[in-house]
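Start counting the sequence shown at 3; every next residue gets the next number (my numbering).
C-beta atoms are modelled at their ideal positions from N, C-alpha and C, and glycine is treated no differently.
Below you'll find the structure, written out as structure tokens, and then a few comments.
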Amino acid sequence: MPNTWGNAPRRLGLPAGLCGLALLLVIVAPSATAAATTLDGAPIPRGALVTDARLYSTLLGGSASSESAKAVAVDAQSNTYVAGVTWSPDFPVTPGAYDTTLDGAGPDAFVVQFDPAGNLVFATFLGGSGAEDARGIAIDAAGNILIVGGTDSVDFPTTAGALGPSPSGNEDMFLAKLSPAGDVLLYGTYLGGRALELAYGVAVDASGAAYISGVTNSTDFPATPGALDTSYDDSDLGCQRHGGCWDSAVAKVSPDGTHLEYATYLGGELYDVARAIRVDPYGDAIISGESSCPTFPATPGAFRSKETGGPDVFVAKLDPMGTSLVYSSCFGGLDSDQGWGLDVDPSGSAYVTGRTFSRDFPTTPGAFNNTFGMNYSADVFVAKLTPSGTALAYSSLIAGNDSDYGQAIAVDANGTAWVTGWTYSADFPVTSNAIDPTFNADRDLFVLRLGWNGAKVLESTFIGGDSGDFGWAIAVGPGGTVSAVGETWSSDFPVTPGAFDTTPGGLDAFLLRITPAEVVDDSSLWVSASPWTFANQGVPAIGNGRDDEEPSIGPQGSRPSSAVGCPAASASAVTRC
């Protein structure tokens, strides 16, 4: 039986996922239920239509009614870039864009740019005669746009001298670089072996080199000599219960797309998948996903929880040469735990979100919530590791009385973590400053902001309509404005007046831009440092590089000293462990 994507056949036979694009929005739906309150104890208003100046929300799609946005990035000028997948021949591509024709029967990847006012700057298809699925996007220092995903097309657009000018197997990773105007393919390449691959994430360093995370079940994935792990491991058939044996794959591609600087497998004997990647100013790649802790490669002193149960969350840091692990952390509980989203702050602390089915998932004292929601359901988790990977700085559950799924995370200049995903819980925690404090129907997407020490939810809102709504990706731009993308099945998905596309139809992508309800000044909790160039976006980090766990942060080009701190005992001082 074929896999499905949205309401159309899915030809990419890769690990299943959802779909998505994004929006900004404002609505409070009427309800006949008893009065409810927010996390702050404020009553939730009923039956009012709310227009919030903090929001911009638009749909994005064509007549095939099968679009999903999977990735988002924001540049230093507050332009927003979105990548995803479409089946629509009349997807709103722009004149002069790189590719204005849907190739084959679809789906194709798409790439779009919106300016800070929400106007469409360009939109282009990207693909061949088969199927493409774009999963990751990053912007380099020159404004070029890097996109990764998966393809089964034999004619995906490649360029002269590219690393992989032709497909290696049934389905390969793809990596493409578009010009800032979206009108020229600077390079396009396949990456893979004889079986199946999918790229989930991409990051870019100051030189323009691309770092890719994903999965493979090819025994001949092009691992480079001397890399961390050059052998595919499928020795335990227990991984078949997860839909097949998969290894994580990590690669660094030269700025011109012509060669691998390194490529490595990453994993153990069971199912491994690397879903997200970032790169720090020193060229270390930080990767997160899911694996089985007992066989996942360990490093001395790294944080690891009990090694039992189903798949667990991993966070690993790979050195600049791709030859050794700086640290490898793996944690979870007795059931399945899945790492989906990752971000890294200027000190090197990794923040990860996802979903856990484990009642004993590791949380930290003083975190927002240490209690698992309900049996047989999933809870959102948000965890922050210390820069050395040796301990959890904090770990919290965020949950209602039904299933809740964390999908993506982005960290702002104050060290607060923005998370998006979706929830089935009508009592999912929302705050009094919510854009929409009322659960709408079926599944709502959520956007929430967790405080710097994981102890308080500063903002949390539902967004949705009369059907399923999913948040797939999130990014923080200059000034702290948040962009989120995803997908919606709702016929009444909330859009703002004058938005680019206000007409729903089937499965639509959406883009959302949110201004925070308040500016949180945690300056007393941080140690000042020089501004960093945060390489995964290729643009300066927002604000100064600072973190409450580091007594000092060295200048750019030198590593911070290793230190482990603990959450502040008060709002005015940092308590050191």
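- Secondary structure of Gly481 (DSSP, three-state): helix.
- Closest option to Tyr353, judged by alpha-carbon separation, among Val413, Ile437, Ser90 and Glu173: Val413.
- Per the coordinates, the alpha-carbon of Thr260 lies some 21 Å from the alpha-carbon of Asp154.
- Contact check for Phe430 and Ser398: beta-carbon distance about 14 Å, past the 8 Å limit, so the pair fails to qualify.
- Below 8 Å, too few C-beta pairs join the segment 355 to 375 and the segment 437 to 451 to call them touching: fewer than three.
- Counting the other Cβ atoms within 10 Å of the Cβ of Ala229 gives 16 or more, which makes it buried.
- Selection Asn81, Gln79 and Phe116 evaluated against Pro94 yields Phe116 as nearest (Cα-Cα).
- Check the Cα spacing between Glu263 and each of Ala211, Ala278 and Glu271: the tightest is with Ala211.
- In terms of CA proximity to Asn121, Ser59 leads the group Asn435, Ser59 and Asp174.
- Bounds of the beta strand (DSSP E) holding Ser397 are Leu394 to Ile400.
- Annotated three-state conformation of Tyr100 is coil, per DSSP.
- By DSSP's assignment, Leu336 forms no beta bridge with any residue.
- Residue environment analysis places Pro109 among the buried positions, since at least 16 neighbouring C-beta atoms fall within 10 angstroms of its C-beta.
- The continuous stretches of beta strand (DSSP E) do not include Ala436, and DSSP gives it neither H nor E.
- Residue state for Ser290 is assigned as strand, using DSSP reduced to three classes.
- In this structure, Ala401 sits away from Val384, with a CB-CB distance that is not shorter than 8 Å.
- Shown here for Leu148: same chain residues with a beta carbon closer than 6 Å to its own, the five before and five after excluded, namely Ala140, Lys179, Val204, Val206 and Ala212 in chain order.
- Per DSSP, the continuous beta strand (DSSP E) segment holding Glu461 begins and ends at Val459 to Ile465.
- Rounded to the nearest angstrom, the Cβ distance from Asp249 to Asp235 is 6 Å, consistent with a contact under 8 Å.
- Less than 8 Å separates the beta-carbon of Gly343 from that of Ala410.
- Of all alpha-carbon atoms in Ser168, Ser170, Gly194 and Thr160, the one lying nearest the alpha-carbon of Leu187 is that of Thr160.
- Note on Val87: 16 or more other CB atoms within 10 angstroms of its CB, so buried under the neighbour-count rule.
- When the Cα atoms are used, Ile214 and Thr82 turn out to be separated by approximately 21 Å.
- Residue environment for Asp92: exposed (fewer than 16 other C-beta atoms within 10 angstroms of its C-beta).
- Bridge partners of Arg306 according to DSSP: Cys332.
- By the neighbour-count criterion, in which a residue is buried when 16 or more other Cβ atoms sit within 10 angstroms of its Cβ, Thr218 is buried.
- Taking C-beta atoms as the reference points, Met175 and Gly216 count as a pair closer than 8 Å.
- At the C-beta level, Val113 and Ile476 stay beyond 8 Å of one another.
- From the listed residues Pro302, Pro283, Gly195 and Val315, the smallest Cα separation to Tyr267 is found for Gly195.
- According to the DSSP secondary-structure assignment, Gln115 is paired through a beta bridge with Tyr83 and Phe124.
- Considering only Leu452, Val255 and Leu165, the residue with the shortest C-alpha distance to Tyr396 is Leu452.
- Sequence-distant partners of Ser256 (beyond 5 residues in either direction) whose C-beta falls short of 7 Å from its own C-beta, in its chain, are Ala211 and Glu263.
- Here Pro506 is not near Gly482, since their CB atoms are 8 Å or more apart.
- Rounded to the nearest angstrom, the Cβ distance from Glu292 to Val315 is 6 Å, consistent with a contact under 8 Å.
- Here the alpha carbon of Phe502 sits roughly 44 Å from the alpha carbon of Ser390.
- With respect to Ala183, Phe127 sits apart: the two C-beta atoms are not nearer than 8 Å.
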